[in-house]
Structure formats: C-alpha cells, structure tokens
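A short worksheet on the structure shown next.
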Amino acid sequence: MNPTVIAQLQGLAAGSLGGMGGHGSASGSLSDFGDLFKALDSASAQSDVSQLTGGAALGIQSLDRVMKSTVFDQKHIVFFKDLMSTNATNIVDEYTRMNSVGGFPGGSFNAQMGTVRSATGDYQREVGMVKFIMQLRQVGFVTNITNNIADAMSVEENNGALSILQDLEYALFYGNSAACPVQFDGIFKQIDDSIASGYISGEHVYDMQGASLTDVEAFNAINSAIIGYGSWGTPTDVYLPSSVQGDLNSGLDPSYRWNPDNQNQPMIGGHVPGIRLTHGVLKTHIDTFLHDANMPMIKPFEATYPAYASALSAITPQGVAAACASDASSRFTAGRAGNYYYAVEAIDAQGQGYSPVVKTTQTAISAGQKCTLTITASSAGTETGYRIFRSRQDAANTTSDMRLVAVVPKAGSTTAYADLDRDIPGTFSAPIVDLERASDAIGWRQFQPMIKIPLPFGIGLMPVYSWFQFLFGYLRITNPKRHGYIKNILPANAAWRPHTDE
Numbered sequence: 001m002n003p004t005v006i007a008q009l010q011g012l013a014a015g016s017l018g019g020m021g022g023h024g025s026a027s028g029s030l031s032d033f034g035d036l037f038k039a040l041d042s043a044s045a046q047s048d049v050s051q052l053t054g055g056a057a058l059g060i061q062s063l064d065r066v067m068k069s070t071v072f073d074q075k076h077i078v079f080f081k082d083l084m085s086t087n088a089t090n091i092v093d094e095y096t097r098m099n100s101v102g103g104f105p106g107g108s109f110n111a112q113m114g115t116v117r118s119a120t121g122d123y124q125r126e127v128g129m130v131k132f133i134m135q136l137r138q139v140g141f142v143t144n145i146t147n148n149i150a151d152a153m154s155v156e157e158n159n160g161a162l163s164i165l166q167d168l169e170y171a172l173f174y175g176n177s178a179a180c181p182v183q184f185d186g187i188f189k190q191i192d193d194s195i196a197s198g199y200i201s202g203e204h205v206y207d208m209q210g211a212s213l214t215d216v217e218a219f220n221a222i223n224s225a226i227i228g229y230g231s232w233g234t235p236t237d238v239y240l241p242s243s244v245q246g247d248l249n250s251g252l253d254p255s256y257r258w259n260p261d262n263q264n265q266p267m268i269g270g271h272v273p274g275i276r277l278t279h280g281v282l283k284t285h286i287d288t289f290l291h292d293a294n295m296p297m298i299k300p301f302e303a304t305y306p307a308y309a310s311a312l313s314a315i316t317p318q319g320v321a322a323a324c325a326s327d328a329s330s331r332f333t334a335g336r337a338g339n340y341y342y343a344v345e346a347i348d349a350q351g352q353g354y355s356p357v358v359k360t361t362q363t364a365i366s367a368g369q370k371c372t373l374t375i376t377a378s379s380a381g382t383e384t385g386y387r388i389f390r391s392r393q394d395a396a397n398t399t400s401d402m403r404l405v406a407v408v409p410k411a412g413s414t415t416a417y418a419d420l421d422r423d424i425p426g427t428f429s430a431p432i433v434d435l436e437r438a439s440d441a442i443g444w445r446q447f448q449p450m451i452k453i454p455l456p457f458g459i460g461l462m463p464v465y466s467w468f469q470f471l472f473g474y475l476r477i478t479n480p481k482r483h484g485y486i487k488n489i490l491p492a493n494a495a496w497r498p499h500t501d502e
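Going by the working numbering, the first residue of the sequence shown is number 1, and it counts up by one from there.
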C-alpha cells in the first residue's frame, strides 16, 4: 500500500482540502486507505465525473474498459496484449512451482514382488509481489467547459491509461526490483536470476557478441534449450526491436521463412512474420519498447530529460573510478582494446527517474583486460541502484554519445561493476517465450482492474478536476525453463557502433 497515497487521502472529507495541500479542515476522516475502498465500494460509477459532488466525488470508478480499448487500439502495446492475464488475490501473491514429477526415466519398473520405489514430485513455494503503477491526472475547469477539445476529461483518462500501459510494457522487459524496489522484475531480469541461481542453464541465453541477427542459429539454440528434457516447453513467440526485424527481413534464408496460410512465396527482403524451427513456427513481433537505436532509455537520462534529471541532483554519485586488470573471461580482444569513457547515473528509490551522470577519466583497456568501476554513493545515500554507460571505442567524452551497459543495485557506500565486454553498449536483446495457454509459463497477474479515484474539485486551490489512475500487478514467470533470449545483437546498419572496426 503506497504510503504517499495513504497520507494524501487520510483526513480527506467531502468539500475539504485537508491532507491534500489545501487549507480546509477535515472531519470524520477515514483512518485507512482500505477503509476508503470499502466505504466507496457501493458508489455507482458515472461517466461524467464533473457532475459528482460531495462524497460522490470520491467514488471509485473502474477504467478497465478504457484500458482494454487502449490496448487494442494501440498496436505498439504488443507484449502485454499477448500475455495471459489472471487475477492476483493479494499484493503478496503466493504460488507453487513444480520442478519435476519425481523419479527418473525408467525408475518405475520393478520385479513382480519387488519393493515399490518412492517417487514424489519436487515442489517449490514462490512469492510474487504486486507493484503499483499510478498517476495523478488533472483537467482545468475552463478546458472542460470549452468546446475546443471534445470531452477533455475522457481524452485525459485515455492519456492516463496509455501512459500507464507504456510504462508497463517497458517494465515487462526491463523492470528491476533490485535496482528500483517499486518496479517488478521484467523478463530479462527473471531469466538472468534463474541462471545465476542455477535453476536453468546458461543455454537459455544466446550471445551474438556484437553481430547482426540474420540466420536461425540463435533461434535454434534457444529452441533446443526450451524444448529439451526437463524444460518441455514450446517457444511460440519472439519480440524484436524494429532494426533487428529489418535484418531478418533482409537476410534470413527463405527456407526458414513462414507466412500464414501460404499468403505469398517467402523471399529475401519480404517481412518475416514467423520462423520455421524444428518444433514448428516461432512468430515474430516488433515491439518498440525494446531497446533500439531511437529508444531514449539507452542513453543517459539527462540527454533526453534534463529537467527531470536535474531535479534528482541530490542522489548524483559522488564519483566513479576505473581500474583495469587482466581477466581470462574478458572479451576485450585486440581489435576492441582502446580508450573508453564511462558514465554512471543513480536510480531514484521511488521510481521518479535518474540523476545527472558522473564520468570516469579516459580509460585505456588492453586486450584480455576487464575494467572495474567503483561507484561512490551520493551524499544523500538514498539511491537504490545505478545505470552504467560506456562510450564508443576511442571516441570523445560526450554524454549524449554514450550507451547503456548495465543496471546494477547499490551495494553500499561503494558499488563495484566489472566490464568484461560481455554486455556490449549499443546492442539489443530479443526475448523468446512460451505463450501456450495450457503451459501457463508466463503471464500478467493483476490485482484489481485499472481504477480511477476522482478527487474533490479545486485540489491545491486551483480550478481543476483531479483524479488518480491506478493499475496494480506484476509479471509472473512460473516456469523460467520455457523462455530465453538473444543478447548483444548489433543491427547491420547501426549508426552507433561500439567498436571501431566491427
């Protein structure tokens, strides 16, 4: 339960601005946000909230219809639309994962009078945490009564729904609760965590090492990991940045191309809606919320959103130092050795954005070396993680010309990160998932429909209609063995290239 929302709503009475920054006094206040939901549960919803007065102005309205119409009207909300949605019954959502049915292949055979062997399934209790996506939306009184915008409040409701769904779509891929606790973990983080814990093998991630994706080798490798013994999945869909889809269209062998209902003869250069693999067809989808050349989140935050970054200057790291040393697992080859700059920005604990960057001096990395960054926390010390960026090889120290390398949680007063060139800036990733409904291997868990809570007119002594819009839920992956992803894909025509001669 969000403490900020509770604090704002506690003490709020009809016709009063108490608790919301106004000067009215509140009487008969609700003591708990849950009490507010219960007290308003029987209120009838109305479409014209400008007509609501008194206590009715606090009535909860479901925007589930608005959310659904926004999803299906907006072709760019792709992954969320494809996920099966089920209801979470609590914000702490418990479920059981079955890891095996027990026994071993052939272990049930026995002699006529032999002792029957015991075999019990292996079960694991899991907990998912519902996260809260919310916004305050406002429409001015004058705007609402003039005719220059048709139904201004409805327009803003739809804007709110779309904005929330855009944030949700991005988090489905890149959410990271370790670095930003208000987020849920996205698919990349959950797969990486499953590999780190030993639950799934590293074969569920295929590393392109800075090459373009134009053939089926990477898809076949992930396919084998997902359908193999112990996983028993069926990879059904892959989500691609548009530049990567373009490379497939230009380079994939026609014999691997699939078109629905034999609509046309597969040929080089035509769109690839599906890829023929041993298990069947892997459908492709372009998702513009995946990192790509024009995605602003691959650059330092201040390069695109300077005002938001400046407002978080208090959590700017005090410094970052770089030190290089030999490491057998380094992928800095002779061709990739050279001079680099690094930049680091801090992550706000409440999800409000990222600080201005701090940079290293020019750092010379030799072949076979790693570069270890030591980040000193801000003087405020309230950040919860860091985003790390790197320049191109032998390029200038230009903030806007740096690209994202990694997102890491804050470890304490100092946080270390070792760059082995295994997460290459300027490259992209593509998740491959099993969306078969029967497997229930991945899905969106939703707690309550999208909700709108109208607030009293004149919040903050301004002539505005105001309301909160909420969506609560998280990405639940019940079987990580049935998913994987391809990483370090560098589009063939990428203008920003991490290494000079590649």
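Glycine is no exception: its CB is placed at the ideal position from the N, C-alpha and C atoms.
Computed from a prediction, not measured in an experiment: that's the story for all the values here.
Which of helix, strand or coil DSSP assigns to residue i
i	result
Ala208	First, the residue type needs correcting, since residue 208 is Met and not Ala in the sequence shown. In the structure shown, Met208 sits in a strand (DSSP, three-state: E or B).
Pro244	Note that residue 244 is Val in the sequence shown here, rather than Pro. Looking at Val244 - three-state DSSP - the assignment turns out to be helix.
Glu126	strand
Met134	strand
Met297	helix
Asp287	coil
Gly251	helix
Leu36	Any reading at Leu36 needs caution, since the residue's pLDDT is 45, under 50, leaving its predicted position unreliable; the model's value is listed next. Helix at Leu36.
Tyr229	coil
Lys481	helix
Thr4	Because Thr4 carries a pLDDT of 43, less than 50, the predicted location of this residue cannot be relied on, and no value is offered for it.
Ala495	coil
Leu282	strand
Ile503	Within the shown structure, residues of the chain are numbered from 1 to 502, placing residue 503 beyond reach of any answer.
Asp237	strand
Asn220	helix
Gly338	strand
Tyr256	helix
Ile486	strand
Limits of the alpha helix (DSSP H) - the one that residue i falls within
i	result
Val155	Ala152 to Tyr174
Lys189	Ile187 to Ala196
Val142	Phe141 to Ile145
Asp82	Phe79 to Asp82
Extent of the continuous beta strand (DSSP E) to which residue i belongs
i	result
Phe389	Gly385 to Arg390
Pro409	Arg403 to Pro409
Pro431	Phe428 to Val433
Ala416	Thr414 to Asp419
Tyr308	Not the beta strand (DSSP E): Tyr308 falls in the alpha helix (DSSP H), residues Pro306 to Ser310.
Lys370	Gln369 to Thr376
Trp467	Val464 to Arg476
Thr96	Val92 to Ser100
Cys324	Gly319 to Ser326
Thr363	Thr363 to Ile365
Thr86	Ser85 to Asn87
Phe342	This sequence places Tyr at residue 342; Phe is not what is there. Segment Tyr342 to Ile347, the beta strand (DSSP E) holding Tyr342.
Lys452	Ile451 to Leu455
Leu63	Looking at the DSSP string, Leu63 is not in any beta strand (DSSP E), and its letter there is neither H nor E.
Gly274	Gly274 to Leu277
Residues of its chain near residue i, where Cβ-Cβ distance is below 8 Å and the 5 sequence neighbours each way are ignored
i	result
Pro273	Trp258, Asn259, Pro260, Lys283 and Thr284
Arg331	Gln209, Leu420, Asp421 and Arg422
Arg117	Gly103, Gly107, Ser108 and Asn110
Ser378	Ala314, Ile315, Thr316, Pro317, Gln318, Ala346 and Ser355
Ser250	Thr214, Ile268, Gly269 and Ala492
Ala494	Ser243, Ala293 and Gly426
Asp253	Asp215 and Val216
Nonlocal neighbours in the same chain, by C-beta distance under 7 Å from residue i, ignoring five residues either side
i	result
Tyr256	Val216, Ile275 and Arg276
Ser329	Leu420
Pro181	Ala349 and Thr384
Ile200	Ser194, Pro480 and Lys481
Gly202	Ile195
Ser42	Annotation note: pLDDT 41 at Ser42 (below 50); position unreliable, coordinate value reported separately. Once the five neighbours on either side are set aside, Ser42 has no close Cβ partner at all.
6 Å Cβ shell around residue i - same chain, five flanking residues per side excluded
i	result
Thr414	Thr374 and Thr376
Ile222	Tyr206, Ile432 and Gly484
Val320	Val344, Val358, Thr360, Leu373 and Ile375
Below-8 Å beta-carbon distance, residue i vs any chain B residue
i	result
Ile191	Looking for chain B here will not work: only one protein chain is present.
Whole-Å CB distance - residue i paired with residue j, under 8 Å assumed
i	j	result
Ala492	Ser212	4 Å
Phe184	Ser429	Not confirmed; about 18 Å, so no contact.
Val522	Gln138	Outside the shown range of the chain, which is 1 to 502, sits residue 522, and nothing can be said about it.
Ser400	Ala303	4 Å
His76	Thr288	5 Å
Val437	Met84	The sequence shown places Arg at residue 437, rather than the Val named in the question. 6 Å between Cβ atoms; contact.
- Query: Pairing CB atoms from the stretch 303-323 with CB atoms from the stretch 141-160, are three or more of them under 8 Å?
  - Reply: no
- Task: Count the C-beta pairs between the stretch 327-338 and the stretch 295-305 that are closer than 8 Å, then say yes if the count reaches three, no if not.
- Result: In short, these stretches do not touch, since the Cβ pair count stays below three.
- Query: Touching or not, the stretch 437-456 and the stretch 467-487, by the rule of three or more beta carbon pairs under 8 Å?
  - Reply: yes
- Is there contact between the stretch 90-109 and the stretch 451-458, where contact requires at least three CB pairs shorter than 8 Å? Touching, no, given that fewer than three Cβ pairs across the two stretches are closer than 8 Å.
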